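Student: Numbering (this note's numbering), first residue to last: 83 to 201.
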Amino acid sequence: MKKFPKRKDLQEPKKSPHALLLLLFDGAMRYARRSIRCIEAEDDAGRDLYTKKAQAIVQELRDGWDHRPSPELTHAMQALCEYILGRLARGAAEDDTAAIEEAVELLATLRTGFADSNQ
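#1: Specify the secondary structure class of E154 as computed by DSSP and reduced to three states.
#2: Assuming contact is defined by CB atoms lying nearer than 9 angstroms, are A166 and A138 in contact in what I supplied?
#3: Secondary structure at G124, three-state DSSP: helix, strand or coil?
#4: Assign L102 to buried or exposed, taking buried as 16 or more other Cβ atoms, counted over all protein chains shown, within 10 Å of its Cβ.
#5: Quick check on S98: buried or exposed, where buried means 16 or more other Cβ atoms within 10 Å of its Cβ?
#6: On a Cα-Cα basis, can you pick out the residue from D125, R169, L143, L170 that is closest to H157?
#7: Could you pull out every residue in the same chain whose Cβ sits closer than 6 angstroms to the Cβ of R116, ignoring the five residues on either side in sequence?
#8: By Cβ distance below 6 angstroms, which residues in the same chain neighbour H149 in space, the five residues on each side in sequence not counted?
#9: Helix, strand or coil, according to DSSP, for G195 in the structure here?
#10: Using the Cβ count rule (16 or more neighbours within 10 Å means buried), how would you classify R169?
#11: In angstroms with no decimal places, state the Cα-to-Cα distance between C163 and K85.
Shown next as structure tokens:
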């Protein structure tokens with residue numbers, strides 16, 4: 083079977099690691115907000131699905147920090163991610179929208195900090 087070359091105009095441009103990090107924050111916040119909407123709609127399956135998706139992204143954020151530049155900062159970021167994971171878990175387990183909203187607010191603050199650091 084003959085392979086055809088990809089059209090260059092259809093290839094997605096490569097994103098910088100910084101841009102990818104911001105996309106991860108966006109995704110985690112989007113899924114956490116969907117989880118809140120599912121709690122409000124009493125949709126347990128949706129709540130669990132979107133909470134797990136948000137948690138998976140936060141786990142990737144937690145595990146992806148480079149320790150070499152600043153071990154102290156990395157440790158603090160990992161601890162904050164653990165706290166966010168705990169808030170997401172509590173929110174899902176107890177239908178506590180305030181806990182999930184706190185996680186969203188923390189993610190938004192982190193995202194803003196990272197976005198500002200690249201300017």
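Backbone N, C-alpha and C fix where the C-beta goes; we use that ideal spot for every residue, glycine too. All values derive from a computational prediction rather than experimental measurement.
Tutor: In short:
#1: Note: E154 maps to helix in three-state DSSP.
#2: The displayed chain sequence assigns Ile, not Ala, to residue 166. Judged by their CB atoms, I166 and A138 are not nearer to each other than the 9 angstroms cut-off.
#3: Contrary to the premise, residue 124 reads as Glu rather than Gly in this sequence. In the three-state DSSP reduction, E124 falls in the coil class, being neither helix nor strand.
#4: Exposure of L102 is indicated by the presence of fewer than 16 other C-beta atoms within 10 angstroms of its C-beta.
#5: The residue is exposed, with fewer than 16 neighbouring Cβ atoms inside 10 Å.
#6: Closest by alpha carbon: L143.
#7: Excluding sequence neighbours, R116 sits near Y132.
#8: Result list for H149: T156, in chain order.
#9: In the structure shown, G195 sits in a helix (DSSP, three-state: H, G or I).
#10: It is buried - the Cβ of R169 has at least 16 other Cβ atoms within 10 Å.
#11: Going by the C-alpha atoms only, they are around 44 angstroms apart.
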